[in-house]
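*Asks:* Every position in the sequence shown, counted from 1, becomes a number in the numbering used here once 313 is added. Below is the structure I would like to discuss, written out as structure tokens.
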Amino acid sequence: MVCSHGDSGGPVFKYDEFTSETYLIGMVFSALIENGTNYCFIHPVDAILFPGMEVMTIYNTPNISHSSD
Numbered sequence: 314m315v316c317s318h319g320d321s322g323g324p325v326f327k328y329d330e331f332t333s334e335t336y337l338i339g340m341v342f343s344a345l346i347e348n349g350t351n352y353c354f355i356h357p358v359d360a361i362l363f364p365g366m367e368v369m370t371i372y373n374t375p376n377i378s379h380s381s382d
């Protein structure tokens, strides 16, 4: 997944190859490209539900996307 600042606030989904299910993991907080690598900072779903648990996580893996398709 490539994410940009324009994606901020958008949903982020993860595809689980074991269960063949796609689920919402959080919302895009911000993005940056450094040395050709795209980093996507995500507010996990738990942080949205429980604001005290806000953690920024970096994802740069192929099974993360903005689409639930």
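Idealized CB from N, CA, C, for every residue including glycine. Only a predicted model underlies this, so the values are computations on that prediction, with no experimental measurement involved.
When burial is assigned at 16 or more other CB atoms within 10 Å of the CB, is residue 346 buried or exposed?
*Replies:* exposed
*Asks:* Could you check the C-alpha separation between residue 343 and residue 335 for me, to the nearest Å?
*Replies:* Approximately 22 Å, taken between the alpha carbons.
*Asks:* Check for me: the beta strand (DSSP E) holding residue 329 runs from which residue to which?
*Replies:* 324–329
*Asks:* Alpha carbons only, please: which of 332, 341, 331, 327 is nearest the one belonging to residue 316?
*Replies:* 341
*Asks:* Following the continuous beta strand (DSSP E) through residue 343, name the residue where it begins and the one where it ends.
*Replies:* Element bounds for residue 343: 334–347.
*Asks:* Is it buried or exposed, residue 339, if we count other Cβ atoms within 10 angstroms and call 16 or more buried?
*Replies:* Buried, because 16 or more other Cβ atoms sit within 10 Å of the Cβ of residue 339.
*Asks:* From residue 324 to residue 353, what distance separates their C-alpha atoms?
*Replies:* 12 Å
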